[in-house]
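*Asks:* Sharing a structure, written as C-alpha cells. Questions coming.
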Amino acid sequence: MDQRLGSNALSYSETFKDHLANPRNVGELADANAVAEETNPVCGDRLRLSLRIRNGRIEAARFLAYGCPPTLACGSALAEMIEGMCIEDAVKLTRREIVKAVGGLSTRKQHAAALAIEVLRTGIENWRHGSMA
Numbered sequence: 409m410d411q412r413l414g415s416n417a418l419s420y421s422e423t424f425k426d427h428l429a430n431p432r433n434v435g436e437l438a439d440a441n442a443v444a445e446e447t448n449p450v451c452g453d454r455l456r457l458s459l460r461i462r463n464g465r466i467e468a469a470r471f472l473a474y475g476c477p478p479t480l481a482c483g484s485a486l487a488e489m490i491e492g493m494c495i496e497d498a499v500k501l502t503r504r505e506i507v508k509a510v511g512g513l514s515t516r517k518q519h520a521a522a523l524a525i526e527v528l529r530t531g532i533e534n535w536r537h538g539s540m541a
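Mapping of the sequence shown onto my numbering: residues 409 to 541, in sequence order.
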C-alpha cells in the first residue's frame, strides 16, 4: 500500500495513483506570463499554477501542490489537460472534468478538483489583466 495514501489507497483509481506517483508538469515556468496561487480555506491545501499563454493558447503549464494526495493528483491532471488548450476552452473546464481526469474522487475529496479549477480561472484572469499573482 502506498504510504502517502494511507488507508484510502484502495479507494483511489489506477489513474489517480499514476498521477500521484508520476505527477505531470511539476514545477514553475521561468517564462510564465500568468501565475496564480489559491488556498482551500477549510483544509489549507494550496495549489500554484504558472502558465505561458501565447496567441490565446496555453503553451505550457506547471503546478506546485501543497496538501493532500488528491490536490497533487488534480494539479497534475489539470496541468496535463490544459497544455495546448485555447483560453476559451480552458475557462469552461469544470470540477467534474478534473474528477474524471483522475479516475474519480469521493465527495469528501472533490475540494481538490474545485481548487484546481479555481487556480486555473485565477491564472487566466491574471493573464487577462497583466497581473502575475
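For glycine and all other residues, C-beta sits at the position ideal for the given N, C-alpha and C.
(1) Is the beta carbon of I525 closer than 9 Å to that of R503?
(2) Provide the residue span of the beta strand (DSSP E) that contains L457, from first to last.
(3) Taking P431 and L480 to be in contact with their CB atoms under 8 Å, please state how far apart those CB atoms are, rounded to whole angstroms.
(4) Going by beta-carbon coordinates alone, are I461 and I495 separated by less than 9 Å?
(5) To the nearest angstrom, how far is the alpha carbon of A521 from that of N534?
(6) Of the residues R529, V450, M493, P477, which one's Cα is nearest the Cα of Y420?
(7) According to DSSP, is C494 part of a helix, a strand, or is it coil?
*Replies:* Looking at the coordinates:
(1) Going by C-beta atoms, R503 is nearer than 9 Å to I525.
(2) Segment 454-462, the beta strand (DSSP E) holding L457.
(3) That pair is a contact at about 6 Å.
(4) In contact: I461 and I495 (Cβ atoms closer than 9 Å).
(5) Note on geometry: alpha-carbon atoms of A521 and N534 lie some 20 Å from one another.
(6) It is P477.
(7) Strand.
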